[in-house]
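Student:
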Amino acid sequence: MATLYLRDTHTTLTDPDAIAAHLAPLGIQYERWAADRPLPEGASADEVLAAYAAPIAKLKQQGGFVTADVIDIKPDTPNLGAMLAKFKSEHWHDEDEVRFTLAGRGIFHLHLESGVIAVEVVAGDLLRVPRGTHHWFDLCSERRIRAIRLFQQISGWAPHYTETGVDAGYAPLCLGPA
Ligand SMILES: [Fe+2]
């Protein structure tokens, strides 16, 4: 389950209900999802999307999402460093960033009016970062994540960099259980 770090006050939350309750008033949606059938380790993208069809359909309805896909990033993914570099600097998007983690883990830093919050996501975690929210993302040491992405419009997904340098003040952090 996710770990939430309030990085400015060095407070950590690990209870999913507490994390959801902390993030909801900030406009950030956090949920735990379960597949409706057993999924083998090597399940195809289509099998994954079918197993999570119900929560995906609900979210699509709520948020105007039109497409869902599955990304699979491993340590030997070509150009992984360049890909990660695009998201390690503080940026924002014209549409919500929605990720449901299937395997591996990663860490989102959210730069909010109230401070900087980090959310380490693992299998079963759905996180929705609203459009316009300043944030950055990185993988953890095992450099592995498989996730469902939902898009409102593919063109809205390009990052706009803030160039504030705020991200440099927060050392990479992944402390939760792998
Ligand atoms: Fe992003």
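Position one of the sequence shown corresponds to residue 1429 (my numbering), numbered consecutively onward.
No residue lacks a Cβ here, since even glycine has one placed at the ideal position from N, Cα and C.
Nothing here was measured: the structure is a model prediction, and the numbers come from that model.
1. In the DSSP assignment, what residue or residues form a beta bridge with Trp1564?
2. For a test of the three-state rule: what should DSSP assign to Gly1597, helix, strand or coil?
3. Which residue from Gln1490, Gly1532 and Cys1602 puts its Cα closest to that of Pro1558?
4. Quick one, which of Ala1473, Pro1468, Asp1443 and Val1476 has its alpha-carbon nearest Arg1460's?
5. Quick one: give me the first and last residue of the beta strand (DSSP E) that Asp1497 is part of.
6. Does Ala1471 pass the burial test, meaning 16 or more other C-beta atoms within 10 Å, or should it be called exposed?
7. Please identify the residue among Val1544, Gln1581 and Ser1569 whose C-alpha is closest to the C-alpha of Tyr1610.
8. Please state the DSSP three-state secondary structure of Gln1489.
9. Does the beta-carbon of Glu1523, which I'm using as the reference point, lie nearer than 6 Å to any heavy atom of ligand 3?
10. Kindly identify the DSSP beta-bridge partner or partners of Phe1528.
11. Taking 7 Å as the cut-off, decide whether the C-beta atoms of Glu1475 and Thr1590 are in contact.
12. For a test of the three-state rule: what should DSSP assign to Ile1545, helix, strand or coil?
13. Using a Cβ-Cβ cutoff of less than 7 Å, which residues in the same chain neighbour Gly1534 once the five nearest sequence positions on both sides are dropped?
14. If you check the beta carbons only, do Leu1454 and Ile1447 fall under 7 Å apart?
15. Let me know the secondary structure DSSP gives His1519 once reduced to three states.
16. Buried or exposed: which applies to Asp1497, given that a residue is buried once 16 or more other Cβ atoms fall within 10 Å of its Cβ?
17. DSSP has Leu1441 in a bridge; who is on the other side?
18. For His1370, which residues does DSSP report across the bridge?
Tutor: According to the data block:
1. In the DSSP output, where bridge partners are listed per residue, Trp1564 has His1537.
2. Gly1597 falls in the helix class under three-state DSSP.
3. Looking at the Cα atoms, Gln1490 is the closest of the given residues.
4. The option with the nearest alpha carbon to Arg1460 is Asp1443.
5. Looking at the DSSP string, the run of the beta strand (DSSP E) that includes Asp1497 is Thr1495 to Ile1501.
6. That one is buried.
7. Since the first and last residues shown for the chain are 1429 and 1606, residue 1610 lies out of range.
8. Residue state for Gln1489 is assigned as helix, using DSSP reduced to three classes.
9. The ligand content of the structure shown is limited to ligand 1, which means ligand 3 is not among them.
10. Per DSSP, Leu1554 and Ile1576.
11. With contacts defined by Cβ atoms closer than 7 Å, Glu1475 and Thr1590 do not form a contacting pair.
12. In the three-state reduction of the DSSP assignment, Ile1545 falls in the strand class.
13. Setting aside the 5 residues that flank it on each side, Gly1534 is surrounded in the same chain by Val1549, Phe1565, Asp1566, Leu1567, Cys1568 and Ile1573, each with a C-beta closer than 7 Å to its C-beta; the list follows chain order.
14. No, the Cβ-Cβ distance between Leu1454 and Ile1447 is not below 7 Å.
15. His1519 falls in the strand class under three-state DSSP.
16. Exposed: under 16 other Cβ atoms inside 10 Å.
17. DSSP output for Leu1441 lists Leu1432 as bridge partner(s).
18. Missing from the structure shown is residue 1370; the chain here goes from 1429 to 1606 and no further.
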